[in-house]
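Just below is one structure, and these are the notes that go with it.
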Amino acid sequence: VREPDLAGRHVVVSAGGTREPLDPVRFLGNRSSGKQGYALARTAAARGARVTLVAANASMPDPAGVDVVRVGTAVELREAMLRAAADADAVVMAAAVADFRPATYATGKIKKKDDQDPAPIALVRNPDILAEISTARARSGQVVVGFAAETDDVLANGRAKLKRKGCDLLVVNEVGERKTFGSEENEAVVLGADGSETPVAHGPKEALADTVWDLVAARLE
Ligand code: C5P
180 VREPDLAGRH VVVSAGGTRE PLDPVRFLGN RSSGKQGYAL ARTAAARGAR
230 VTLVAANASM PDPAGVDVVR VGTAVELREA MLRAAADADA VVMAAAVADF
280 RPATYATGKI KKKDDQDPAP IALVRNPDIL AEISTARARS GQVVVGFAAE
330 TDDVLANGRA KLKRKGCDLL VVNEVGERKT FGSEENEAVV LGADGSETPV
380 AHGPKEALAD TVWDLVAARL E
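What follows is the structure, encoded as structure tokens:
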């Protein structure tokens, strides 16, 4: 059992992946299972934190002792995160957020027409929640953590992304067809805005979660 080094702290974690509806039965989504975000929520609770978990379309049961807010779209995720972040000591954005959503929502199911090519789907940009929370810093000393899934030039792309988003820590992992998504395990490098680089060996998502909380706790002191 760990020391309750996050006792008295409020931490907010997003998990899962957003779904952006096209019509009542279809959406644009991604393969995020939510397991890493849930592992972050469970480990923070075990370390004594008050935890708000904003879960986007995750199918897992609510972790014990955690406040869970369920959302569907990126816009809903943003609202829930901004509300919870207002009094948070740390915010971790582990959810996979759709960069774009369909420009329009059809209230009835979109029909195919046999004699016509399909209409292109127009997209509009979603808000970048991590960048917004990093810039706003609802509370002084608030620690903000992002995740980045990269397929190539993992460290260089991670460094650039850390700077662009303005967060304190960025957990970078390499993804591919059989890596990370839906898996029980993860392997990553945690980049710090202070230039630090913390490798996390292949292992359970809880182990990566505990490393993230170690780095967060050190920055909260
Ligand atoms: O830019 P990219 O999607 O790779 O960044 C990933 C990080 O940014 C994740 O922490 C994700 O939760 C967050 N993100 C966000 N809002 C978006 C897109 C990504 O908060 N619209």
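The numbering of the sequence shown is the UniProt record's numbering, which starts it at 180 and goes up by one.
Backbone N, C-alpha and C fix where the C-beta goes; we use that ideal spot for every residue, glycine too.
8 Å Cβ cutoff met for residue i and residue j
| i | j | result |
| --- | --- | --- |
| Val303 | Ala282 | yes |
| Leu201 | Ala285 | yes |
| Ser313 | Lys291 | no |
| Pro242 | Arg221 | yes |
| Ala228 | Val271 | no |
| Ala253 | Ala237 | no |
| Ala372 | Leu399 | no |
| Thr377 | Leu394 | yes |
| Gly320 | Ala327 | no |
| Val230 | Val245 | yes |
| Arg210 | Asp266 | no |
| Val233 | Ala275 | no |
| Gly382 | Glu353 | no |
| Asp184 | Ala396 | yes |
| Thr390 | Gly355 | no |
| Leu256 | Ala223 | no |
Reduced DSSP secondary structure (H/G/I, E/B, other) of residue i
| i | result |
| --- | --- |
| Thr390 | helix |
| Val323 | strand |
| Arg338 | helix |
| Gly216 | helix |
| Val248 | strand |
| Val311 | At residue 311 the sequence reads Glu, which differs from the Val that was named. Residue state, collapsed to three classes: helix. |
| Ala228 | coil |
| Val233 | strand |
| Leu348 | strand |
| Arg316 | coil |
| Thr377 | strand |
| Val185 | It is worth fixing the name first, because residue 185 is Leu in this sequence and not Val. Note: Leu185 maps to coil in three-state DSSP. |
| Arg343 | helix |
| Glu255 | helix |
| Arg221 | helix |
| Ser204 | Rather than Ser, the amino acid found at residue 204 in this sequence is Val. Reduced to three states, the DSSP call for Val204 is coil. |
| Arg304 | strand |
| Arg198 | coil |
| Arg210 | coil |
Residues bridged to residue i (per DSSP)
| i | result |
| --- | --- |
| Val354 | None; Val354 has no bridge partner. |
| Asn365 | Gly382 |
| Met272 | Ser193, Gly325 |
| Ala261 | The amino acid at residue 261 is misidentified as Ala; the sequence shows Leu. Answer by DSSP bridge pairing: none, since Leu261 is not bridged. |
Spatial distance of residue i from residue j (CA atoms)
| i | j | result |
| --- | --- | --- |
| Gln215 | Asp294 | 45 Å |
| Arg280 | Val250 | 15 Å |
| Ala186 | Ala225 | 9 Å |
| Gly287 | Leu219 | 38 Å |
| Tyr217 | Ala310 | 22 Å |
| Ser375 | Ala194 | 25 Å |
| Val368 | Val379 | 6 Å |
| residue 401 | Arg198 | No answer is possible for residue 401: the residues shown for the chain start at 180 and end at 400. |
| Pro306 | Ala315 | 14 Å |
| Val351 | Ala339 | 11 Å |
| Ile308 | Glu366 | 24 Å |
| Val322 | Leu207 | 31 Å |
| Leu334 | Val324 | 16 Å |
| Ile289 | Leu370 | 44 Å |
Chain B within 8 Å of residue i, Cβ atoms only
| i | result |
| --- | --- |
| Arg318 | Absent here is chain B; the protein component of the structure consists of one chain. |
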